[in-house]
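Numbering (this note's numbering), first residue to last: 79 to 392.
Yeah, the Cβ is synthetic: ideal placement off N, Cα and C, and Gly gets one too.
Since the structure is predicted, the reported quantities are computational estimates derived from the model, not experimental observations.
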Ligand SMILES: [Fe+2]
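Here you go:
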């Protein structure tokens, strides 16, 4: 059974260059039903599960726009699915698609079909895929991803905004911060930017992809299940290496570099330097700590209960 459907010549031409949507039949694999997801969660390493609180109705205003890590203790897979369905949370189950054999098979097939249909991505690496379970109230703020990402939406209704890739929408400084890891991939946003965005209403069975680094944001309308595919290509790694160097020059030496205005020679040097710097871990002093601010509680409104903050150790 093919998993990607209705791929057109236009899709082939646009893939990786423009925002585009195609249809898929991931739901038919049976791996993304609530029961299958609960079973998977019971087997999945806990350090690869991120539960974030998304307080609705103005609760916990003091934590607005922050990354709100939830300690989910030894909650069962079923409890986590229930919490996503009727609470105020967002669960990112990282690396599902490259951890369990039955999911690996699906991810491999998707990559094979994409490579075949798009006629590119042969040099891709670090192929990973996570599953997102998110509450009806969930919103993913305006952000950009350092990897190439494709959103495979499977169940529920969500709205996605994808923005142009210019300095106005994503400054070099903002993307450097993402590559360095000092911010949680959120980028300065104002509602007026929406006028220039492409807006997609997804009901399950659509894959949306966009050019590497394009800012985007998501608002759920119902409980949703999606898969996020991530990978890098030599080209995306090249840019990220250069941005790492520029980011450190800006932060450690007060310089004001620009990737857009750099010549090819400068880019090659900076990209190579950035990869070395990344391996040396020089950027790590800028990384933020992951603080737990909530715990999962079936009896609390939205399934979330505030705690005295402590650093994540799970
Ligand atoms: Fe993203």
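Anyone know if the C-beta pair for residue i and residue j falls short of 8 Å?
i	j	result
residue 291	residue 253	yes
residue 120	residue 159	no
residue 201	residue 90	no
residue 103	residue 283	yes
residue 124	residue 392	yes
residue 304	residue 382	no
residue 137	residue 260	no
residue 147	residue 371	yes
residue 230	residue 277	no
residue 129	residue 210	no
residue 155	residue 118	yes
residue 311	residue 199	yes
residue 241	residue 274	yes
Measuring from the CB of residue i, is there a heavy atom of ligand 1 at a distance below 7 Å?
i	result
residue 227	yes
residue 128	no
residue 221	yes
residue 294	yes
From the DSSP output, which residues share a beta bridge with residue i?
i	result
residue 382	374
residue 229	286 and 306
residue 294	221 and 240
residue 369	389
residue 277	239
residue 168	130 and 212
I'd like the list of long-range same chain contacts for residue i, defined as Cβ closer than 6 Å, with 5 residues on each side in sequence excluded.
i	result
residue 298	212, 214, 216 and 236
residue 308	206, 225 and 227
residue 93	196
Using DSSP with H/G/I as helix, E/B as strand and the rest coil, what is residue i?
i	result
residue 215	coil
residue 245	coil
residue 86	coil
residue 146	coil
residue 405	The question about residue 405 has no answer, for the chain in this structure spans 79 to 392.
residue 113	helix
residue 129	strand
residue 328	helix
residue 202	coil
residue 155	helix
residue 356	helix
Going by beta carbon distance, what residues of the same chain come within less than 8 Å of residue i, once the five residues before and after it are set aside?
i	result
residue 340	320 and 348
residue 184	81, 104, 107, 109 and 175
residue 328	251, 254, 334 and 335
residue 285	82, 99, 100, 101, 102, 228, 229, 230 and 231
residue 345	316, 320 and 337
Suppose the cutoff is 7 Å on Cβ atoms and the five residues either side in sequence are ignored; what does the same chain contact list for residue i look like?
i	result
residue 266	252
residue 336	250
residue 257	224, 318, 321, 322 and 325
residue 384	138, 371 and 372
residue 161	167, 374 and 381
Does ligand 3 have a heavy atom nearer than 7 Å to the CB of residue i?
i	result
residue 81	Ligand 3 is absent from the structure shown, which contains only ligand 1.
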